[in-house]
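Written below as structure tokens is the structure these notes are about.
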């Protein structure tokens, strides 16, 4: 079974709005990462947050991690049409690069 | 661009055949991981190679096998193809087996008829 589960499965917003995606996982982790995937192509690494961190920012991205609830959220502010993609969270139990992915959130940003 | 390349881009095979997919890791990286991504799902870890040795395996049958070469490029071999093997196969390279950031290639789309 998948370690991470993203919510919602699909999200449609207007350009300029904020998009929030959530990820829940089952076991203790060393780190959690968010990736973007455009149209079934390769994954692009967005941000990594370690288990001892609670929040990280990268440009228009903000990631939070709540290890007590085993959940993370990805916020994309001021969304653009180019943000249209699938977003995946991935957990790494042993810092060994053997990530466990959820099934993703498909984000559509309408111009 | 991550510097990780995969070949071929697309491949069509029939059930029962064998296939070999190739991955060139990013310069300076000695670890390659392979993932299978079925349509509409997230990637699933197949196995990882570190310095030419298998370093962990996911829940995939033995007909999925791999190799890593001295230049750290890698191959994924699948024997006795089944219809459910149709998927996007992704490889990811990392600087070391303990590194937490992986860099993904564009993938190979395999269709089994």
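Residue numbers (this note's numbering), protein chains in the order written: chain A, 3 to 113; chain B, 6 to 118. Here a beta-carbon is modelled for each residue, glycine too, at the ideal position from N, C-alpha and C.
Query: Is there a C-beta anywhere in chain B that falls below 8 Å from the one on residue 20 of chain A?; Result: no
Query: May I have the straight-line CA-CA distance separating residue 69 of chain A from residue 58 of chain A, to the nearest angstrom?; Result: 14 Å
Query: Pull the bridge partners of residue 70 of chain A from the DSSP assignment, please.; Result: Answer by DSSP bridge pairing: none, since residue 70 of chain A is not bridged.
Query: Can you say whether residue 56 of chain B is buried or exposed, counting buried as having 16 or more other CB atoms within 10 angstroms of its CB?; Result: exposed
Query: Count the C-beta pairs between the stretch 20–29 of chain B and the stretch 40–51 of chain B that are closer than 8 Å, then say yes if the count reaches three, no if not.; Result: no
Query: Measure the alpha-carbon distance for residue 116 of chain B versus residue 31 of chain B and round it to whole angstroms.; Result: 26 Å
Query: For residue 34 of chain B, count the other beta carbons within 10 Å of its own beta carbon; 16 or more makes it buried, fewer makes it exposed. Which is it?; Result: buried
Query: Grab the span of the beta strand (DSSP E) containing residue 93 of chain A for me, first residue to last.; Result: 87–94
Query: Report the residue from A:36, A:63, A:32, A:91 whose alpha carbon sits nearest the alpha carbon of residue 81 of chain A.; Result: A:63
Query: Between residue 8 of chain B and chain A, is there a C-beta pair that is closer than 8 Å?; Result: no
Query: State the start and end residues of the unbroken beta strand (DSSP E) segment that holds residue 142 of chain A.; Result: The requested residue 142 of chain A does not occur in the structure, where chain A is confined to residues 3 to 113.
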